[in-house]
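Working notes, structure below.
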Amino acid sequence: MILNPDFNHFLHTPIHQTLDNHLKSIRLFKITMAENENTPPVDAGEEDDIDTPGYKPPAQKTLEEIQKADADDESLVRYKQQLLGDLPAGDTADGKNVVVEKMSFLSNGRDDIELDLRGDLSKLKEKPIIIKEGCEYRIKITFRVKREIVAGLRLHQVTYRKGIRVDKSNSMVGSFGPKAESQEFTLPVDEAPSGMMSRGSYVMKSKFTDDDKFVHLAWDWAFEIKKEWD
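In numbering that gives the first Met the number 0, the protein residues as written are 0 to 229.
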């Protein structure tokens, strides 16, 4: 599992092996459907696609359990406070722990293209992103974890052309603790297909999931591959 830098540093601190064992077993706070009935379930037809071969999710453990563990060890308690800091109170009104805020399309020499994922998602397909054939690009996801550590975030994407699936990807994002500010994950550099046959309109089905296969957000967006940007 890919962890954010603070967690990587923490997990490789030799003098804190006891707490290390606790953090390695993080599989935290599954948000139930009762808390957020509007969150779409994992699509059964693609459920196997979001698994990572060889990866076994760790046992579930809440943030409160981690904080209470080894309470008699002052050194570990101080280190956990340093790592977790002052956790944000979090807005619990909508029952969400992870809020996916926006998706950005990045390509050198071009202004970033941003899709707001907090509004009406049905409108995303109405304005396709124009992509020059053969260009190199990256996709960045901006999200916020509000109150509990979330384990094994993944970005799963399936590409369709004229209703036929032509590509799919499953990217491990990592595990993140709650923060007041937004956090980001940028996928590795990819290259758009090129050639006359590749030009045309595409639809991408994206979803942000975790170790519990809980879908924090699912959205469809469109792009069009052209010979030039404009």
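All C-beta atoms in this analysis are idealised placements derived from N, C-alpha and C, irrespective of residue type, glycine included.
The alpha-carbon of Ser74 is positioned some 29 Å away from that of Asn96.
Shortest Cα-Cα distance from Gly151 to any of Tyr159, Lys139, Phe184 involves Phe184. The Cβ atoms of Pro177 and Val144 lie closer than 7 Å to each other. The alpha carbon of Val149 has as its nearest neighbour, out of His155, Val98, Lys139, the alpha carbon of Val98. In this structure, the straight-line span from the alpha carbon of Trp228 to that of Glu147 is close to 41 Å. Here the segment 212-225 makes contact with the segment 193-201; the two share three or more CB pairs at distances below 8 Å.
The beta carbon of Pro127 sits closer than 7 Å to the beta carbons of Ser200, Ala221, Phe222, Glu223 from its chain, once the five residues preceding and following it are set aside; these are given in chain order. Between Leu114 and Leu105, the beta carbon gap of about 12 Å keeps them out of contact (Cβ cut-off 8 Å). Taking every protein chain shown into account, the CB of Asp209 has 16 or more other CB atoms within 10 angstroms, so this residue is buried. The DSSP-derived three-state label of Lys161 is coil.
Residue environment for Arg153: buried (at least 16 other C-beta atoms within 10 angstroms of its C-beta). When rounded, the separation of the alpha-carbon atoms in Thr141 and Met102 is 6 Å.
The Cβ-Cβ distance between Gln182 and Ser168 does not fall below 7 Å.
DSSP places Ser193 outside both helix and strand once states are collapsed to three, so it counts as coil.
By the criterion of a C-beta distance shorter than 6 Å, Asp111 is surrounded in its chain by Ser103, Leu105, once the five residues flanking it on both sides are discounted. Its chain contains Val157, Asp219 as the residues whose beta carbon lies nearer than 6 Å to that of Lys204, once the 5 sequence neighbours on both sides are disregarded; these appear in chain order. When secondary structure is reduced to three states using DSSP, Glu73 falls in the helix class.
Collapsing the DSSP output to three states places Leu105 in a strand. In its chain, beyond the 5 residues on either side, Val99, Glu100, Lys101, Met102, Leu216, Trp218 have a beta carbon closer than 7 Å to the beta carbon of Leu116. Between Tyr159 and the set Val202, Asp72, Glu132, Lys212, the nearest pair of CA atoms involves Val202.
C-alpha of Gly162 to C-alpha of Asp72: approximately 58 Å in a straight line.
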